[in-house]
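In our numbering, the protein residues as written are 1 to 306. Beneath this line is the structure, given in structure tokens, with notes to follow.
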């Protein structure tokens, strides 16, 4: 982190502090809220046969051509924001995996969405699953699980990334089979092998539905400054995504990653905590497409859930 910190540049843009470092942009709002962005295209380059870039109007399209002739097309706007991610097979058939250009008419603007807490109707250990205690069947079932509460509309990828109340609609898996050393985003080889069950569950889910999207979330403990922790957590999430693709063959386009620093501590401590230096994974496909939860019937004599 010292190398990146040394290359970090700070500017003020409309009252926001913007920190730019190699591969990352970190934005801190006047109220103290912060988020990080990074370009995911490098993950798709692994094993590519060719890479092409096209300018179409105000959009930039990066086309990664794989050895089998299939293509992953990433479309970004003038500001570098992801608009669409598309898979085109060798016969020219296209699947839109992510449409980040969608904006719901009820959207008030911005990417933060504030929803009431979801009503959790499943056991808590099925809502937040610890990978080291979970069977392969439970891992897979969680990757296929529906939302825990009703989804009122489609959400953009950015709304999902930056709105915890939206993400809470989906169960998650804490990958506590891997943890990180302080200040590091490397996954040691002996821990990497522990991701095999996770990878098998992902590959099985994606084979069933090629449009599935999974968000890998990176976290740190509370030690260090918030800007460093955001950068570190984002690199941890990306490191896990890269490993799942390069070692276990999980399609890179079905994964997206995001760092959250020390915002969501699992162990409530201000000191060093290996438990908090972790990554989490959750299926976000229903959030992207506006899927509806499968809810159990209400008990007799009660009003149906909202």
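The beta carbon of each residue, even a glycine, is placed where N, CA and C say it ideally should be. Treat the numbers as computed from the prediction; the structure is a model and nothing was measured.
Using a Cβ-Cβ distance cut-off of 8 Å, the stretch 111-131 and the stretch 82-102 are not in contact, since fewer than three pairs of beta carbons, one from each stretch, lie closer than that value. Excluding five sequence positions before and after residue 201, the CB atoms of its chain that fall closer than 6 Å to its own CB belong to 139, 140 and 143, given in chain order. The alpha-carbon separation between residue 11 and residue 18 amounts to approximately 5 Å.
Under the three-state reduction of DSSP output, residue 196 falls in the helix class. For residue 71, the enclosing beta strand (DSSP E) has its first and last residue at 71-76.
Exposure of residue 193 is indicated by the presence of fewer than 16 other C-beta atoms within 10 angstroms of its C-beta. Around the CB of residue 90, fewer than 16 other CB atoms lie within 10 Å, so the residue is classed as exposed. Taking every protein chain shown into account, the CB of residue 71 has 16 or more other CB atoms within 10 angstroms, so this residue is buried. Two segments are said to touch when three or more pairs of C-beta atoms, one from each, lie closer than 8 Å; by this definition the stretch 272-284 touches the stretch 218-236. Looking at 76, 240 and 30, the one whose alpha-carbon comes closest to that of residue 43 is 240. Excluding the 5 residues flanking it on each side, residue 112 has same chain C-beta neighbours closer than 7 Å at 162 and 163, in chain order.
Beta-bridge partners assigned by DSSP to residue 60: 55 and 76.
From the listed residues 102, 73 and 261, the smallest Cα separation to residue 185 is found for 261. As the crow flies, the alpha-carbon of residue 40 is around 13 Å from that of residue 25. Checking the DSSP bridge columns, you'll see residue 172 partnered with 128. DSSP places residue 11 in the strand class (E or B) of the three-state scheme. In the assembly as shown, residue 67 is an exposed residue. Its beta-carbon has fewer than 16 other beta-carbons within 10 Å. The beta carbon of residue 60 lies closer than 7 Å to those of 53 and 76 in the same chain, with the five residues before and after it left out. Beta-bridge partners of residue 19 (DSSP): 10 and 26. Rounded to the nearest whole angstrom, the C-alpha separation of residue 21 and residue 38 is 10 Å.
The DSSP-derived three-state label of residue 154 is coil. Around the CB of residue 148, 16 or more other CB atoms lie within 10 Å, so the residue is classed as buried.
Taken atom to atom, the span from the alpha-carbon of residue 204 to that of residue 86 is near 20 Å. Within its own chain, the residues whose Cβ lies closer than 6 Å to the Cβ of residue 172, once the five positions on either side in sequence are excluded, are 128, 280 and 282, listed in chain order. Counting other Cβ atoms within 10 Å of its Cβ, residue 234 reaches 16 or more and is therefore classed as buried.
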